[in-house]
Amino acid sequence: MTDESGNSAGATRGTSWLIAVLEVLAIAAIFAAAGAWPTPDVNEAAYLTKARHAADPSWGAGDFYLETPDAHGVFYLVMGPLAAALPLETAAWIGRIAGWLALAVGFRHLASATVTGPGWSQARHSWATLVAAALFSLAMRQTTAAGEWVIGGCEAKVFAWALVFGGLGEVVRGRLAIGWCLLGGATAFHPLVGGWSMVAATVAALAQRPWASRPSSWSVVAALAIAGVLLAAGGIVPALLLNAGADAATKEAAARLYVVERLPHHLLVDTFATGFVARHLLAASLWWLLHGMIPANPARRRLDAFTLAALGISLAGVLVTWAEPWTPSLAHGLLRYYWFRVGDVAVPLALAITAAVAVADDAACRRIVAM
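Once you know that position 66 of the sequence shown is 66 in the working numbering, the rest is easy, because the numbers rise by one and skip nothing.
What follows is the structure in structure tokens.
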């Protein structure tokens with residue numbers, strides 16, 4: 001078979017795969033440039049020692065921290081043998097490289113549907129995709145409200161965000177069941193990253209019906225949806241069991257210490273670093289302004305819906321924070337769940353993709369210059 005240019009279909013597919021691989025490697029290099037600082041990074045010492053102990057319980061036997069219940073068992077299952085077989089510093093670098101590659105694959109899958117425009121050549125698409133990756137890396141440093149990060153060391157949420165990007169790549173194409181399955185895998189790696197992303201994707205799906213044509217097989221859709229739930233349960237159930245056996249007073253005190261003493265800069269909006277909320281809102285406003293200047297695209301509309309849902313979750317977190325003076329126990333119990341995490345990533349992600357489309361689209365550039 002040949003295409004309209006006379007090229008064989010196999011050669012065309014081969015070229016497409018080569019372009020995809022080169023784009024992934026370039027995106028991974030961009031992410032590595034943003035996160036290749038000396039080991040150990042924040043949380044790497046905790047994650048990798050737990051992973052090594054999980055693979056080899058005799059290592060660090062009797063240590064209080066290492067033998068506490070685990071909330072990231074899938075990560076320890078994956079990284080444990082590596083952490084047990086190699087020096088922890090080497091394991092950290094291997095894990096980082098694997099994480100950057102996974103993020104690049106997920107990001108490229110999402111960008112291939114959203115960073116595009118009418119009549120774009122392959123060269124323009126590839127260039128805009130790399131611009132989007134670079135802008136995302138920068139925006140993640142400069143536009144978060146609660147200090148969330150994606151590109152960094154070897155820990156569970158890096159791989160969870162990679163699966164979220166891959167899942168969103170399916171969701172924006174209207175393939176909700178496959179996207180749900182990938183988001184379930186993200187939840188297995190990190191219950192909060194994947195769990196909140198599943199919530200935002202579900203809300204967006206309900207708001208954006210119909211997403212795609214009627215599935216050819218509802219049984220396959222149902223099987224994938226069930227698989228997604230089961231995968232998610234692999235992360236959520238262990239996390240819910242962390243407090244098993246503790247009395248109510250202990251749980252209340254632990255929640256207060258976690259939210260008020262240990263991590264208020266991530267969990268209590270009125271303690272966020274000065275200017276963080278303002279710059280986050282400015283980034284969201286800029287995304288919304290730019291999104292009205294670029295050509296309509298079903299995939300981008302679905303990503304917009306996900307972003308708005310993520311901001312809705314953040315707004316709910318603000319309301320819970322405001323309720324703290326009146327119901328501190330309830331507020332602290334709820335605020336443990338990082339209500340601002342998915343919004344912190346969704347806004348720079350949507351901004352980066354929208355801005356990359358705007359600078360690569362001639363008509364959008366003319367509209368922006370004419371303002």
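Note that CB positions come from ideal geometry on N, CA and C, so glycine has one too.
Beta-carbon gap between residue i and residue j smaller than 7 Å
i	j	result
residue 276	residue 145	yes
residue 345	residue 335	no
residue 41	residue 147	no
residue 172	residue 278	no
residue 193	residue 160	yes
residue 108	residue 360	no
residue 295	residue 139	no
residue 91	residue 82	yes
residue 114	residue 368	no
residue 48	residue 110	no
residue 343	residue 311	yes
residue 384	residue 162	No statement about residue 384 is possible, as the shown extent of the chain runs from 1 to 371 and does not include it.
residue 264	residue 73	no
residue 75	residue 189	yes
residue 234	residue 191	no
residue 23	residue 154	no
residue 69	residue 242	yes
Span separating the alpha-carbon of residue i from that of residue j
i	j	result
residue 143	residue 269	15 Å
residue 19	residue 186	26 Å
residue 103	residue 158	7 Å
residue 309	residue 176	16 Å
residue 15	residue 313	41 Å
residue 116	residue 195	29 Å
residue 332	residue 271	14 Å
residue 141	residue 149	8 Å
residue 2	residue 318	Here the model assigns residue 2 a pLDDT of 47, short of 50, so the residue's position is not dependable and the matter cannot be decided.
residue 132	residue 355	7 Å
residue 127	residue 252	51 Å
residue 170	residue 247	42 Å
residue 290	residue 79	41 Å
residue 134	residue 30	6 Å
residue 25	residue 130	10 Å
residue 358	residue 280	20 Å
residue 174	residue 27	25 Å
residue 293	residue 364	6 Å
residue 137	residue 266	20 Å
residue 118	residue 301	16 Å
residue 71	residue 366	50 Å
Three-state secondary structure assigned by DSSP to residue i
i	result
residue 311	helix
residue 246	coil
residue 293	coil
residue 345	helix
residue 373	Only positions 1 to 371 of the chain appear in the structure, and residue 373 is not among them; the question remains open.
residue 148	coil
residue 17	helix
residue 90	helix
residue 274	coil
residue 356	helix
residue 338	coil
residue 170	helix
residue 280	helix
residue 365	helix
residue 211	Any reading at residue 211 needs caution, since the residue's pLDDT is 49, under 50, leaving its predicted position unreliable; the model's value is listed next. It is coil, neither helix nor strand.
residue 256	helix
Interface flag, residue i vs chain D, CB-CB below 7 Å
i	result
residue 72	Judged by its chain identifiers, the structure shown contains no chain D, having just a single protein chain.
Q | Meets three-Cβ-pair contact criterion under 8 Å: the stretch 275-292 and the stretch 175-193 | A | no
(Q) Below 8 Å, how does it come out for the stretch 56-64 and the stretch 29-47: are there three or more Cβ pairs, yes or no? (A) Flag = no, the stretch 56-64 and the stretch 29-47 do not touch.
Q: Specify whether the stretch 328-343 and the stretch 245-258 touch according to this definition: at least 3 beta carbon pairs, one from each stretch, less than 8 Å apart.
A: yes
Q.
Quick check on the DSSP output: what are the complete alpha helix (DSSP H) runs of length 4 or more inside the stretch 21-89, in order along the chain?
A. 44-55, 73-85
Q) Taking only runs of the alpha helix (DSSP H) that begin and end inside the stretch 96-167, which ones reach a length of at least 4 residues, in chain order? A) 122-142
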